[in-house]
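Undergrad: The working numbering puts the first residue of the sequence shown at 769, with every later residue one more than the last. What follows is a structure written as structure tokens; I'll ask about it next.
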Amino acid sequence: MDVSTPHQSTRPDPTNRSRAGAALPLLLAAGLVVMWSSGFVGAELGTRQAPATTLLAWRFLVVGALLVGWCLWRGARMAPRDLALHALLGLLAQAGYLYGVVAAAEAGVPAGTSALVAALQPMVAAALAVPLLGERVRGRQVLGLVVGLAGVGLVVGADLLRAGAAPWWAYALPFGAMLSLVAATLVERRSRPGGSLMEALAVQCAVSAVLFTGLAASTGTLAPPATPGFWAAVAWVVVLSTLGGYGLYWVNLARTSVARVSALLYLTPPTTLVWTWLMFGDPVGPGALAGMAVCVAAVLLVRSPGR
């Protein structure tokens, strides 16, 4: 008697696919928070070794060469309109934003304070997205954004009180950086430029490389210091902050609304404090822990689907 083995289906389990699909947005959001926060630490690491213009010039020379070389090898092509839009985004989201953050670190503004000012971006972006982009912001999202602002204040309040070593004008630098990122976010959402993520980053980084190389050369700060710490800082900001942080920022923005992506930036100040604790041994007090909890609650409010 022939006993055949029952046929086992090789089709993928739809339950597993649905679980993977539900987990992907969470992983992208978490990756954005961690990688974006690394930029504030990288700014402090780099400006301990060299001026801000030196760090920014070599950051974009390295990453720009890698990305442009990859695009040329792949034979990538981009329409003139998309090329111009990505160049504008590079000036706003990378050159404008990063110069403010790194120059603030060079002037003595603590990383947590820069993260606090940058975290005002959700309020400004969400407020401008309503009249300029026609996006709808629910009452729960408004509440979440306000709660998040309170949480950010709890996290870095101590830094604001003891940050008198930096000159008064230095605190305008991260504020200007925040406005530059808001402008880039709204331009991207309104214009929707084409091209893949790697192509977009290649154009943006190439524009920033030209700008910062010219700025460093004109100020006599282009020559890099012959220290391993400087190149370690360059590697940090290239891999974690540029490829990781900016890449995940645009990926998240393409998948959801400005308000939801902007709300994730509320988690960058407490995450930055964790980074500085691990990297520099800075203590995390009870106020910071309370602020972290408030920020998490705010993000849940904004990202909750509601009715």
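For each residue, glycine too, the CB sits at the ideal point set by N, CA and C. If you're wondering where the values come from, they're calculated on a predicted model, not measured in any experiment.
Does the beta-carbon of VAL870 have 16 or more other beta-carbons within 10 angstroms, so that it is buried, or is it exposed?
TA: Its Cβ being crowded by 16 or more others within 10 Å, VAL870 is buried.
Undergrad: Determine the DSSP secondary structure at ARG906, reduced to helix, strand or coil.
TA: Three-state result, ARG906: coil.
Undergrad: Leaving out five residues on either side along the sequence, give the residues of the same chain with a beta carbon under 7 Å from the beta carbon of VAL1062.
TA: For VAL1062, where only same-chain residues beyond five positions count, the Cβ hits under 7 Å are VAL915, ALA918, GLY919, LEU922.
Undergrad: Looking only at its chain, what residues have a beta carbon closer than 6 Å to the beta carbon of SER1009, apart from the 5 residues adjacent to it on each side?
TA: Answer for SER1009: SER806, GLY807, GLY810, listed in chain order.
Undergrad: Straight-line CA distance for GLY858 to ALA934?
TA: Cα to Cα, GLY858 sits roughly 28 Å from ALA934.
Undergrad: Rounded to whole angstroms, what is the Cα-Cα separation between GLN862 and PRO1054?
TA: If I take the Cα positions, the gap works out to 34 Å.
Undergrad: Using a Cβ-Cβ cut-off of 6 Å (strictly less than) and excluding sequence neighbours within five positions of LEU853, which residues of its own chain qualify?
TA: So the qualifying residues of the chain are SER959, PRO961.
Undergrad: Pull up the distance between the alpha-carbon of ARG908 and that of ALA1065, whole angstroms please.
TA: Going by the C-alpha atoms only, they are around 12 Å apart.
Undergrad: In the DSSP assignment, the alpha helix (DSSP H) including ALA1003 goes from what residue to what residue?
TA: Start and end: 996 to 1004.
Undergrad: Could you tell me which of MET966, GLN817, THR1024 sits nearest to ARG845, measuring between CA atoms?
TA: Answer by Cα proximity: MET966.
Undergrad: Using DSSP with H/G/I as helix, E/B as strand and the rest coil, what is ALA811?
TA: Three-state result, ALA811: helix.
Undergrad: May I have a chain-ordered list of the alpha helix (DSSP H) segments no shorter than 4 residues that lie completely inside the region 1010 to 1065?
TA: For the region 1010 to 1065, whole alpha helix (DSSP H) runs of length 4 or above, ordered along the chain, are 1015 to 1023, 1026 to 1032, 1036 to 1048.
Undergrad: For the alpha helix (DSSP H) that contains TRP937, what are its first and last residues?
TA: TRP937 -> no alpha helix (DSSP H), and no H or E assigned at all.
Undergrad: When the Cα atoms are used, what is the spatial distance from VAL828 to ALA974?
TA: Here residue 828 is Phe; the residue named in the question, Val, does not match the sequence. C-alpha separation (whole angstroms): 7 Å.
Undergrad: Consult DSSP for HIS775 and reduce its assignment to one of helix, strand or coil.
TA: Because HIS775 sits at a pLDDT of 47, beneath the cut-off of 50, its placement in the model cannot be relied upon, and the point is left open.
Undergrad: Using CA coordinates, which residue listed in ALA968, SER882, LEU896, ALA991 is at the minimum distance from ASP850?
TA: ASP850 has its Cα closest to that of ALA968, out of ALA968, SER882, LEU896, ALA991.
Undergrad: Just the C-alpha distance for PHE998 and PRO992, rounded to the nearest angstrom, thanks.
TA: Straight-line Cα distance between these residues: approximately 8 Å.
Undergrad: Leaving out the 5 sequence neighbours to the left and right, which residues in its chain are closer than 8 Å to LEU796 when beta-carbon positions are compared?
TA: Contacts found: LEU1016, VAL1019, ASN1020, ARG1023.
Undergrad: If I'm right that VAL832 touches ALA977 with Cβ under 8 Å, what's the distance once you round it to whole angstroms?
TA: Rather than Val, the amino acid found at residue 832 in this sequence is Gly. About 4 Å separates the two Cβ atoms, so the contact holds.
Undergrad: Looking at the structure shown, is LEU888 part of a helix, part of a strand, or coil, going by DSSP?
TA: Here LEU888 sits in coil by DSSP.
Undergrad: Between which residues of its own chain and ALA1001 is the CB-CB distance below 7 Å, once the five residues before and five after are set aside?
TA: Only GLY810, LEU813, GLY814, GLN817, LEU823 meet the Cβ criterion.
Undergrad: How about ALA893 and VAL801: are their beta carbons less than 8 Å apart?
TA: Contact: no.
Undergrad: Decide if THR911 is buried, meaning its Cβ has at least 16 other Cβ atoms within 10 Å, or exposed.
TA: A small fix is needed here, since residue 911 is Leu in this sequence, not Thr. It is exposed - the Cβ of LEU911 has fewer than 16 other Cβ atoms within 10 Å.
Undergrad: Can you list the beta strand (DSSP E) stretches of 3 or more residues lying completely in the region 964 to 998, in chain order?
TA: The region 964 to 998 contains no whole beta strand (DSSP E) run of 3 or more residues.
Undergrad: How big is the Cα-Cα spacing for LEU794 and VAL1029?
TA: Roughly 12 Å separates the two Cα atoms.
Undergrad: So, helix, strand or coil for GLY876, using DSSP?
TA: Reduced to three states, the DSSP call for GLY876 is coil.
Undergrad: In whole angstroms, give me the CA-to-CA distance for ALA875 and PRO1038.
TA: Taking the straight line joining both Cα atoms gives about 22 Å.
Undergrad: Throw me the rounded Cβ distance for the ALA886 and PRO942 pair, which I believe falls under 8 Å.
TA: Yes, they are in contact, since the Cβ atoms of ALA886 and PRO942 sit about 6 Å apart, within 8 Å.
Undergrad: Can you list, in chain order, the residues of its chain whose CB lies under 8 Å from that of LEU900, leaving out five sequence neighbours each side?
TA: Excluding residues within five positions, the ones whose Cβ falls inside 8 Å are LEU954, ARG958.
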